[in-house]
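Encoded structure:
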C-alpha cells in the first residue's frame, strides 16, 4: 500500500523564521521586538512596516541562512519511515527565496529529493493526507488534515489540532499508523 | 460556485522549450538536430548526452529567455474568464530556473498572480480539475483530467486526450462548461 503523505511547511516549521526575522527587522528598523513581545500578534501587527518587511525578506541570503528548528531533521527522517514527505512552501511571492530554499533543504535535509519539494503560492491545490503548517491562511483551506505548528501568531487560535514542537508532531502522526 | 481549476505546465506548453533546447544543445554539442529529426523520440533518445543536457538547462538565462508558444497568452487569458488557472512547473530539479520562471511569467503572463504559481517536482499531489501537460510522467499520475499538449516526444502516445495547440486547448476546455 502507498504510504500516507504529509506536506510540511518550511518557514516557522522546519526553519526558525521568527528568530531570523526579529533580528533582521530590528536591525533594519531600530526596534527591539522580542519573541515575548510579539506573542499572540498577527504578522502584520508584529511587523508593522510592511514595505520594510518585504525588503528584509527579499534580501539575498535571508532564507538561505535560516536556523533549523529544534529536532526537525531527526523528526522528518523518522516520519519518512512511514510516510511520504513533501516539503511545501509558499515561496513564489519572494523569487530570491526560491533557489535559496532548495539549497537550504539540500544542506539540512539531503534525504528529501527534488521531486518532493513544492514551492508555491496558495496551498489550496496541494493534496496530501496531512499538512503541518503554522499559518491559518494555509491550514484553513488545505485538502488534507491540518496540523498547526505553534508560532507567535497562532497561539490564540484553537480550531486546529496543535503541536508545539517536532517531538509532538512525530507522536501525533505516528499515532495515526 | 467556484470555478473549475486548470493546472498548466510551462516547458513545452506555455514556453517553446523544444526550439530553445535544440538551438542550445546543437551549439554546445556540435550536432544538427532539428524539430523533424527528433519527432517521436523520447527526450533521452533525442538528447543523448544527459550530462550536457543538464549543463544546458542549468545555464543562466536558459529558462528566462524561452519564446512563448503561439497563442498561449491570449488563450490563457481567455480560459481565465471561466476557470481558475494555476501554472504548475516541475522545476525544483533546476534551481537556477526557479526565479527565472517567475520572472518569465511576470513578463509574459502578468495576469497570473504569485498565489497561482507552483514550482514543484512530482505533480502527483497537485489537485486541479484538469492538467495540460506534454509529459506522460506527469499526465499518467495526475489527480485531475489529463490533457496532452503535443510535443515531439509524445506524438506516438495515444492514451490521453490530445490537443495540438492552444486554440484546440481552449476549444476542448470551453466545451466542458
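Chains as they are written, first to last, in full-length UniProt numbering: chain W, 1 to 177; chain V, 1 to 177.
From the three backbone atoms N, C-alpha and C, an ideal C-beta is built for every residue, glycine too.
**Asked** If you draw a straight line from the alpha carbon of residue 8 (chain V) to that of residue 81 (chain V), how long is it in whole angstroms?
**Response** One-based indexing of the second chain puts residue 8 (chain V) at position 8. One-based indexing of the second chain puts residue 81 (chain V) at position 81. Taking the straight line from one Cα to the other gives about 15 Å.
**Prompt:** For residue 120 (chain W), which residues does DSSP report across the bridge?
**Reply:** As a position in the first chain, residue 120 (chain W) is number 120, starting the count at 1. According to DSSP, residue 120 (chain W) bridges with W:90.
**Asked** Secondary structure at residue 102 (chain W), three-state DSSP: helix, strand or coil?
**Response** Stepping through the first chain from its first residue, residue 102 (chain W) is reached at position 102. Looking at residue 102 (chain W) - three-state DSSP - the assignment turns out to be helix.
**Message:** Would you say residue 99 (chain W) lies against chain V (beta-carbon separation less than 8 Å)?
**Reply:** Taking the first chain and counting its residues from 1, one reaches residue 99 (chain W) at position 99. With a threshold of 8 Å between beta carbons, residue 99 (chain W) makes contact with chain V.
**Asked** Taking buried to mean at least 16 other C-beta atoms within 10 Å of its own C-beta, is residue 159 (chain V) buried or exposed?
**Response** By one-based count along the second chain, residue 159 (chain V) stands at place 159. When all chains shown are included, residue 159 (chain V) counts as exposed.
**Prompt:** Between which two residues does the alpha helix (DSSP H) containing residue 57 (chain V) stretch?
**Reply:** For the purposes of this step, residue 57 (chain V) is taken as residue 57 along the second chain, with counting starting at 1. Segment 50 to 57, the alpha helix (DSSP H) holding residue 57 (chain V).
**Prompt:** alpha helix (DSSP H) containing residue 73 (chain V): first to last residue?
**Reply:** Residue numbering aside, residue 73 (chain V) sits at position 73 when the second chain is read from its first letter. Per DSSP, residue 73 (chain V) belongs to the alpha helix (DSSP H) from 72 to 80.
**Asked** residue 58 (chain W): which of W:40, W:104 and W:96 sits nearest, CA to CA?
**Response** What you label residue 58 (chain W) is simply residue 58 of the first chain in a count that begins at 1. Taking only the C-alpha atoms, the option nearest residue 58 (chain W) is W:96.
**Cβ neighbours of residue 112 (chain W) in the same chain (closer than 7 Å, five flanking residues each side left out)** = As a working note, residue 112 (chain W) is residue 112 in the first chain. 85, 87 and 105.
**Request:** Using a Cβ-Cβ cut-off of less than 7 Å, give me the residues of the region 139 to 161 of chain V that come near chain W, in sequence order.
**Result:** 143
**Prompt:** Can you name the residues of chain W whose CB is closer than 7 Å to the CB of residue 93 (chain V)?
**Reply:** Here residue 93 (chain V) is taken as the residue at index 93 of the second chain, counted from 1. Ordered by position in chain W, the residues that pass the 7 Å Cβ test against residue 93 (chain V) are 114.
**Request:** Pick helix, strand or coil for residue 151 (chain V), following the three-state DSSP scheme.
**Result:** Residue numbering aside, residue 151 (chain V) sits at position 151 when the second chain is read from its first letter. Coil at residue 151 (chain V), not helix or strand.
**Message:** Can you look up residue 110 (chain V) in the DSSP assignment and give me helix, strand or coil?
**Reply:** Stepping through the second chain from its first residue, residue 110 (chain V) is reached at position 110. Residue 110 (chain V): coil per DSSP, three-state reduction.
**Asked** How about residue 102 (chain V): is its C-beta nearer than 8 Å to some C-beta of chain W?
**Response** Numbered from its first residue, the second chain carries residue 102 (chain V) at position 102. Closer than 8 Å to some Cβ of chain W, the Cβ of residue 102 (chain V) qualifies, so yes.
**Prompt:** Would you say the region 130 to 141 of chain W touches the region 125 to 139 of chain V, given that touching needs at least three Cβ pairs under 8 Å?
**Reply:** no
**Request:** For residue 127 (chain V), decide whether its Cβ has a neighbour in chain W, counting only Cβ atoms nearer than 8 Å.
**Result:** The residue given as residue 127 (chain V) occupies position 127 in the second chain. True, the Cβ-Cβ gap to chain W drops below 8 Å.
**Prompt:** Can you list the residues of chain V that residue 79 (chain W) reaches, using a CB-CB cut of under 8 Å?
**Reply:** Looking up residue 79 (chain W) in the first chain gives position 79. Simply none; closest approach about 16 Å.
**Request:** Taking only the alpha-carbon atoms, compute the straight-line gap between residue 29 (chain V) and residue 173 (chain W) and give it to the nearest angstrom.
**Result:** As a working note, residue 29 (chain V) is residue 29 in the second chain. As a working note, residue 173 (chain W) is residue 173 in the first chain. Our two residues, residue 29 (chain V) and residue 173 (chain W), have alpha carbons roughly 50 Å apart in a direct line.
**Asked** Between residue 144 (chain V) and residue 143 (chain W), what straight-line distance do the alpha-carbon atoms span, to the nearest angstrom?
**Response** As a first step, residue 144 (chain V) must be located in the second chain, where it is residue number 144. As a first step, residue 143 (chain W) must be located in the first chain, where it is residue number 143. Their Cα atoms are separated by approximately 14 Å.
**Prompt:** Which chain V residues are close to residue 119 (chain W), counting only those with a beta carbon under 9 Å from its beta carbon?
**Reply:** Taking the first chain and counting its residues from 1, the one referred to as residue 119 (chain W) is at position 119. What residue 119 (chain W) touches in chain V: 91, 92, 98, 117, 118, 119 and 120.
**Message:** Residues of chain V with CB closer than 8 Å to the CB of residue 5 (chain W), please, in chain order.
**Reply:** Numbered from its first residue, the first chain carries residue 5 (chain W) at position 5. Those within 8 Å of residue 5 (chain W) in chain V are 125.
**Interface partners of residue 86 (chain V) on chain W, CB under 7 Å** = Residue 86 (chain V) sits at position 86 when you count from the first residue of the second chain. Simply 125.
**Asked** From what residue to what residue does the beta strand (DSSP E) around residue 157 (chain V) run?
**Response** To locate residue 157 (chain V), count along the second chain from 1; it is residue 157. Looking at the DSSP string, residue 157 (chain V) is not in any beta strand (DSSP E), and its letter there is neither H nor E.
**Item:** Identified DSSP bridge partners for residue 145 (chain V)
**Value:** Against the second chain, residue 145 (chain V) aligns to sequence position 145. Residue 145 (chain V) pairs with V:130.
**Prompt:** How far does the alpha helix (DSSP H) with residue 27 (chain W) in it reach, from first residue to last?
**Reply:** Taking the first residue of the first chain as position 1, residue 27 (chain W) is located at position 27. Where residue 27 (chain W) is concerned, the enclosing alpha helix (DSSP H) starts and stops at 17 to 29.
**Asked** Using a Cβ-Cβ cut-off of 8 Å (strictly less than) and excluding sequence neighbours within five positions of residue 23 (chain W), which residues of its own chain qualify?
**Response** For the purposes of this step, residue 23 (chain W) is taken as the residue at position 23 of the first chain. Excluding positions up to five away in sequence, the list is empty.
**Message:** Which residue marks the beginning of the alpha helix (DSSP H) containing residue 137 (chain W), and which one marks its end?
**Reply:** By one-based count along the first chain, residue 137 (chain W) stands at place 137. Element bounds for residue 137 (chain W): 136 to 139.
**Message:** For residue 50 (chain W), count the other beta carbons within 10 Å of its own beta carbon; 16 or more makes it buried, fewer makes it exposed. Which is it?
**Reply:** For the purposes of this step, residue 50 (chain W) is identified with residue 50 of the first chain, where counting begins at 1. With fewer than 16 other Cβ atoms within 10 Å, it is exposed.
**Asked** If you run the structure through DSSP and keep just helix, strand and coil, what is residue 44 (chain W)?
**Response** The residue given as residue 44 (chain W) occupies position 44 in the first chain. Residue state, collapsed to three classes: helix.
**Asked** Just how far apart, CA to CA, sit residue 45 (chain W) and residue 34 (chain W)?
**Response** Within the first chain, residue 45 (chain W) is the residue found at index 45, counting from 1. Within the first chain, residue 34 (chain W) is the residue found at index 34, counting from 1. The straight-line gap from Cα to Cα measures roughly 13 Å.
**Asked** Which residues in the same chain as residue 150 (chain W) place their Cβ atom closer than 8 Å to its Cβ, once the five residues preceding and following it in sequence are excluded?
**Response** Translated into positions along the first chain, residue 150 (chain W) becomes position 150. Closer than 8 Å at Cβ, skipping near neighbours: 134, 162, 163, 164 and 165.
**Asked** Residues in its own chain within less than 6 Å of residue 153 (chain W) by CB, not counting five upstream and five downstream?
**Response** Taking the first residue of the first chain as 1, we reach residue 153 (chain W) at position 153. So the qualifying residues of the chain are 42 and 43.
**Message:** Quick check: the Cα distance between residue 6 (chain V) and residue 148 (chain W), rounded to an integer number of angstroms?
**Reply:** As a position in the second chain, residue 6 (chain V) is number 6, starting the count at 1. As a position in the first chain, residue 148 (chain W) is number 148, starting the count at 1. If I take the Cα positions, the gap works out to 29 Å.
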